[in-house]
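Protein chains: 2
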Amino acid sequence: MIKKEAAILVHGASYKRGEIAKKLGHPTKTVISPSGISSVYTDSKALEIFLMVYAGLVNKQIVAKLQKFGVNAVGLSGLDGRIWEGKRKGKILIQEEGKTKLLTGNLTGKVEKINVGFIKLLLDNGFCPVICPPAISYKNEIINVDNDRAIAVMAKELGVKKLVLLFEAPGFLRDPDDESTLISHIKKEKVDEYLKFAAGRMKKKILGIREAIEAGVEEIYLGDGRIKNPISLALQGKGTVIS
Amino acid sequence: MIKKEAAILVHGASYKRGEIAKKLGHPTKTVISPSGISSVYTDSKALEIFLMVYAGLVNKQIVAKLQKFGVNAVGLSGLDGRIWEGKRKGKILIQEEGKTKLLTGNLTGKVEKINVGFIKLLLDNGFCPVICPPAISYKNEIINVDNDRAIAVMAKELGVKKLVLLFEAPGFLRDPDDESTLISHIKKEKVDEYLKFAAGRMKKKILGIREAIEAGVEEIYLGDGRIKNPISLALQGKGTVIS
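Order-wise, the sequence lines are chains A and B. Residue 2 is where the first sequence starts when you use my numbering, and the numbers rise one by one after that. Residue 2 is where the second sequence starts when you use my numbering, and the numbers rise one by one after that.
Put into structure tokens, the structure is as follows:
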């Protein structure tokens with residue numbers, strides 16, 4: 002017997018997005034902030050592709066798979082019912098060819114507010130929300146947002162105690178190019194000390210994890226999303242456990 | 002003051018789907034049944050494009066627009082929460098080059114069941130469901146389905162009394178190529194007599210309307226979706242009223 006616990010699934014689709022964006026002749030463009038954090042530049046065409054791949058293709062494929070397992074999944078973007086709401090960033094500073102430049106027209110933002118009532122309504126009625134970006138801005142713009150930040154805000158507002166994060170690595174690696182350098186346990190008070198090992202997108206994840214811990218999350222399991230039974234194995238401590 | 006009534010929005014995206022399908026090198030293929038009804042052939046690649054354009058791009062663009070108008074819209078495909086459930090058709094007969102052929106691998110079906118509880122939960126809590134195909138089969142396959150049939154089943158199960166149908170014409174035309182031949186009123190008992198004027202996809206719509214009337218719908222407004230304020234104008238009788 003599998004014990005049923007209320008669960009929320011949050012997903013990305015960046016690899017698939019890159020693939021489709023290329024096919025549609027509008028390849029994904031990455032920009033680097035002055036502090037070295039990379040993110041995707043989202044103009045209106047990129048946002049259309051984003052909606053197609055995240056909220057359309059990947060979200061619904063996950064929903065169909067969960068339905069097969071008997072989970073009554075409901076796929077939603079952050080727009081739906083204003084689940085994820087926040088501020089549009091507007092202009093951002095980027096680092097390009099050794100110079101700091103101002104970039105406009107970027108349709109991105111940061112989740113600050115959650116529709117707690119709607120999520121609870123779904124959970125209380127036995128549904129499993131499957132959520133992905135984009136979110137909605139206070140001015141009703143569609144904005145691309147980071148999952149990691151959104152998860153931290155959800156954790157806080159919903160009182161989530163346990164997080165499982167899956168990605169394309171066995172867990173958090175001391176050297177991102179060497180899978181044998183897996184860190185199996187991190188004390189949650191010491192997450193900051195590990196920031197120095199985090200490169201690229203992992204940096205954002207660790208910042209999100211720090212926010213989640215500040216929000217009251219007690220256990221975080223980082224696991225390999227490429228293997229079979231990734232969630233059970235992560236919960237068994239096969240990846241990195243932060244507690 | 003606008004009086005707020007509970008409303009469900011159902012949409013298609015066939016034009017946009019055709020456009021994206023072509024760009025992705027997998028143009029939409031239409032097949033004709035022996036009785037002359039045209040439909041789209043949906044293989045697994047076409048289904049992926051379908052998910053992207055219907056459940057991703059167009060669904061979320063409508064949701065964002067409604068949010069702008071203060072309507073708390075929630076975009077869903079028929080898969081989500083098993084809102085639209087039905088039977089997969091499997092093999093179908095098609096008419097090609099004057100011959101009747103058997104077509105396999107078609108991921109289509111017919112909506113037979115509605116998740117009434119979920120739709121009511123959303124309506125009772127002030128949300129406006131924005132629903133589009135695909136649906137889910139009893140065996141958890143993703144199936145492309147006709148909106149018109151799904152609407153008729155929803156009308157029956159939810160006790161809907163009023164339907165507004167918008168398309169790319171001023172209403173139901175006696176001659177599809179002549180917009181001056183608009184039929185402004187049809188008695189709901191006489192819909193069958195008008196089937197002979199319906200060509201192509203309109204035939205399906207009329208069959209869906211017949212089902213909706215049998216299901217208890219009292220007023221159906223057919224209106225022009227290309228103009229400003231299409232719903233208000235349709236309700237004012239500018240298109241075809243069936244009652």
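Don't be surprised by glycine CBs; every beta carbon is placed ideally from N, CA and C. What you are looking at is a predicted structure, and each value in this text was computed from that prediction instead of being measured.
- Message: Considering only their Cβ atoms, is the gap separating Ala151 (chain A) from Ile143 (chain A) smaller than 9 angstroms?
- Response: Here residue 143 (chain A) corresponds to residue number 142 of the first sequence, with the count starting at 1. Here residue 151 (chain A) corresponds to residue number 150 of the first sequence, with the count starting at 1. Their beta carbons are not under 9 angstroms apart, which means Ile143 (chain A) does not touch Ala151 (chain A) by this criterion.
- Task: Give, in chain order, every residue of the region 52-76 of chain B whose Cβ lies closer than 8 angstroms to some Cβ of chain A.
- Result: Leu52, Met53, Val54, Tyr55, Ala56, Gly57, Leu58, Asn60, Lys61, Gln62, Val64, Ala65, Gln68, Lys69, Asn73, Ala74, Val75 and Gly76
- Ile9 (chain A) at chain B interface by Cβ criterion, 9 angstroms: Start at 1 with the first residue of the first sequence, and residue 9 (chain A) comes out as number 8. For Ile9 (chain A), the answer is no, since every Cβ of chain B falls outside 9 angstroms of its Cβ.
- Between the CA atoms of Gly217 (chain A) and Gly127 (chain A) - distance to the nearest angstrom: Looking up residue 127 (chain A) in the first sequence gives position 126. Looking up residue 217 (chain A) in the first sequence gives position 216. The straight-line gap from Cα to Cα measures roughly 24 angstroms.
- Message: Rounded to whole angstroms, what is the Cα-Cα separation between Gly201 (chain A) and Leu48 (chain A)?
- Response: The sequence position of residue 201 (chain A) within the first sequence is 200, counting from 1. The sequence position of residue 48 (chain A) within the first sequence is 47, counting from 1. Their backbone Cα atoms lie some 22 angstroms apart in a straight line.
- Query: Which partner residues of Pro130 (chain B) appear in the DSSP bridge assignment?
  - Reply: Translated into positions along the second sequence, residue 130 (chain B) becomes position 129. Its beta-bridge partners are B:Val75.
- Query: Using Cβ-Cβ distances below 7 angstroms, what residues of the region 111-140 of chain A are close to chain B?
  - Reply: Leu122, Asn126, Phe128 and Ile137
- Any Cβ of chain A within less than 9 angstroms of the Cβ of Arg89 (chain B)? Start at 1 with the first residue of the second sequence, and residue 89 (chain B) comes out as number 88. No, because no Cβ of chain A sits closer than 9 angstroms to the Cβ of Arg89 (chain B).
- Query: According to DSSP, is Asn145 (chain B) helix, strand or coil?
  - Reply: Residue mapping note: residue 145 (chain B) aligns to position 144 of the second sequence, counting from 1. Of the three classes helix, strand and coil, the one that applies to Asn145 (chain B) here is strand, per DSSP.
- Determine the burial state of Leu52 (chain A): buried for a count of at least 16 other Cβ atoms within 10 Å of its Cβ, exposed for fewer. Here residue 52 (chain A) refers to the residue found at position 51 of the first sequence. By the neighbour-count rule (16 or more Cβ atoms within 10 Å), Leu52 (chain A) is buried.
- Apart from the five residues on each side of it in sequence, which residues of its chain come closer than 7 angstroms, Cβ to Cβ, to Lys189 (chain B)? In the second sequence, counting from the first residue as 1, residue 189 (chain B) sits at position 188. If we look at Lys189 (chain B) and ignore the five residues flanking it on each side, its Cβ neighbours are Ile214, Ile243 and Ser244.
- Task: Reducing DSSP to helix, strand and coil, say where Phe70 (chain B) ends up.
- Result: Taking the first residue of the second sequence as position 1, residue 70 (chain B) is located at position 69. Residue state, collapsed to three classes: coil.
- Query: Under three-state DSSP, which class holds Val192 (chain B)?
  - Reply: Locating residue 192 (chain B) in the second sequence gives position 191, counting from the first residue. Val192 (chain B): helix per DSSP, three-state reduction.
- Message: Using a Cβ-Cβ cutoff of less than 6 angstroms, which residues in the same chain neighbour Ala153 (chain A) once the five nearest sequence positions on both sides are dropped?
- Response: Position 152 of the first sequence, counted from the start, is the residue given in the question as residue 153 (chain A). If we look at Ala153 (chain A) and ignore the five residues flanking it on each side, its Cβ neighbours are Gly209, Glu212, Ala213 and Ala216.
- Query: Who are the near neighbours of Glu220 (chain A) in its chain, counting only those whose CB is closer than 6 angstroms to its CB and skipping five residues on each side?
  - Reply: Counting from one through the first sequence, the residue named residue 220 (chain A) turns up at place 219. Excluding residues within five positions, the ones whose Cβ falls inside 6 angstroms are Lys163 and Ser244.
- His186 (chain B): which of B:Ala170, B:Thr241, B:Val146 and B:Ala235 sits nearest, CA to CA? Taking the first residue of the second sequence as 1, we reach residue 186 (chain B) at position 185. The residue with the shortest Cα to Cα distance from His186 (chain B) is B:Thr241.
- In angstroms, rounded to a whole number, what distance separates the CA positions of Lys157 (chain B) and Val11 (chain B)? Counting from 1 along the second sequence, the entry for residue 157 (chain B) is found at position 156. Counting from 1 along the second sequence, the entry for residue 11 (chain B) is found at position 10. So the alpha carbons of these two residues sit roughly 15 angstroms apart.
- Query: Is there at least one Cβ from chain A nearer than 9 angstroms to Ser78 (chain B)'s Cβ?
  - Reply: Here residue 78 (chain B) is taken as the residue at index 77 of the second sequence, counted from 1. It does; some Cβ of chain A falls within 9 angstroms.
- Item | Check whether Val54 (chain A) and Ala8 (chain A) have beta carbons under 9 angstroms apart | Indexing the first sequence from 1 puts residue 54 (chain A) at position 53. Indexing the first sequence from 1 puts residue 8 (chain A) at position 7. Note that the C-beta distance between Val54 (chain A) and Ala8 (chain A) is not below 9 angstroms.
- Item | Asp44 (chain B) at chain A interface by Cβ criterion, 9 angstroms | Here residue 44 (chain B) refers to the residue found at position 43 of the second sequence. Taking Cβ atoms only, chain A never reaches closer than 9 angstroms to Asp44 (chain B), which makes this a no.
- Minimum Cβ-Cβ distance from Asp176 (chain B) to chain A less than 9 angstroms: Here residue 176 (chain B) corresponds to residue number 175 of the second sequence, with the count starting at 1. Cβ-Cβ to chain A under 9 angstroms: no for Asp176 (chain B).
- Query: Nearest CA to the CA of Val59 (chain A): which residue from A:Ser78, A:Ser45 and A:Val72?
  - Reply: Translated into the one-based positions of the first sequence, residue 59 (chain A) becomes position 58. Measuring from the Cα of Val59 (chain A), the nearest candidate turns out to be A:Ser78.
- Would you list the one or two residues that DSSP bridges to Gly225 (chain B)? Translated into positions along the second sequence, residue 225 (chain B) becomes position 224. This sequence places Asp at residue 225 (chain B); Gly is not what is there. Paired residues: B:Phe168.
- Message: Could you tell me the alpha carbon to alpha carbon distance between Lys204 (chain B) and Leu103 (chain B), rounded to whole angstroms?
- Response: Within the second sequence, numbered from 1, the residue matching residue 204 (chain B) stands at position 203. Within the second sequence, numbered from 1, the residue matching residue 103 (chain B) stands at position 102. Distance between the alpha carbons of Lys204 (chain B) and Leu103 (chain B): 22 angstroms.
- Message: When you compare the CB positions of Glu113 (chain A) and Gly91 (chain A), do they come within less than 9 angstroms of one another, or not?
- Response: Translated into positions along the first sequence, residue 113 (chain A) becomes position 112. Translated into positions along the first sequence, residue 91 (chain A) becomes position 90. No; because the gap between Cβ atoms is not below 9 angstroms, this pair is not in contact.
- Three-way DSSP call (helix, strand, coil) for Thr182 (chain A) in this model: Along the first sequence, one-based indexing puts residue 182 (chain A) at 181. In this structure, Thr182 (chain A) counts as helix in the three-state DSSP scheme.
- How about Leu196 (chain A) and Ile184 (chain A): are their beta carbons less than 9 angstroms apart? Counting from one through the first sequence, the residue named residue 196 (chain A) turns up at place 195. Counting from one through the first sequence, the residue named residue 184 (chain A) turns up at place 183. Result no, Cβ atoms of Leu196 (chain A) and Ile184 (chain A) do not sit closer than 9 angstroms.
- Item | Interface flag, Gly13 (chain A) vs chain B, CB-CB below 9 angstroms | Here residue 13 (chain A) refers to the residue found at position 12 of the first sequence. Chain B contact via Cβ: absent.
- If the cut is a Cβ gap below 8 angstroms, which residues of chain A does Arg83 (chain B) touch? Within the second sequence, residue 83 (chain B) is the residue found at index 82, counting from 1. Correct list: Gln68 and Asn73.
- Task: With a cut-off of 8 angstroms on the beta carbons, I'd call Val75 (chain B) and Leu123 (chain B) a contact; round off their distance for me.
- Result: Mapped onto the second sequence, residue 75 (chain B) falls at position 74. Mapped onto the second sequence, residue 123 (chain B) falls at position 122. So it is a contact: roughly 6 angstroms between Cβ atoms.
- Task: Figure out for me which residue from A:Phe70, A:Thr105, A:Tyr42 and A:Ile50 has the closest Cα to the Cα of Gly26 (chain A).
- Result: As a working mapping, residue 26 (chain A) is identified with position 25 in the first sequence. Closest option to Gly26 (chain A), Cα to Cα, is A:Ile50.
- Of all the alpha helix (DSSP H) runs that stay within the bounds of the region 19-57 of chain B, which reach a length of 4 or more residues? 45-51
- Query: With 9 angstroms set as the bound, which would you pick, yes or no: does the beta-carbon of Gly26 (chain A) sit closer than that to a beta-carbon of chain B?
  - Reply: Position 25 of the first sequence, counting from 1, holds the residue named residue 26 (chain A). It does: the Cβ of Gly26 (chain A) has a partner Cβ on chain B nearer than 9 angstroms.
- Burial state of Pro134 (chain B), where buried means 16 or more other Cβ atoms lie within 10 Å: One-based indexing of the second sequence puts residue 134 (chain B) at position 133. By the 10 Å Cβ count, Pro134 (chain B) comes out buried.
- Quick one: does Ile184 (chain B) have its CB under 9 angstroms from some CB of chain A? Locating residue 184 (chain B) in the second sequence gives position 183, counting from the first residue. By this cut-off, Ile184 (chain B) is not an interface position.
- Query: DSSP puts Gln96 (chain B) in a beta bridge; with which residues?
  - Reply: Reading the second sequence from its first residue, position 95 is the one you call residue 96 (chain B). Paired residues: B:Ile33 and B:Thr101.
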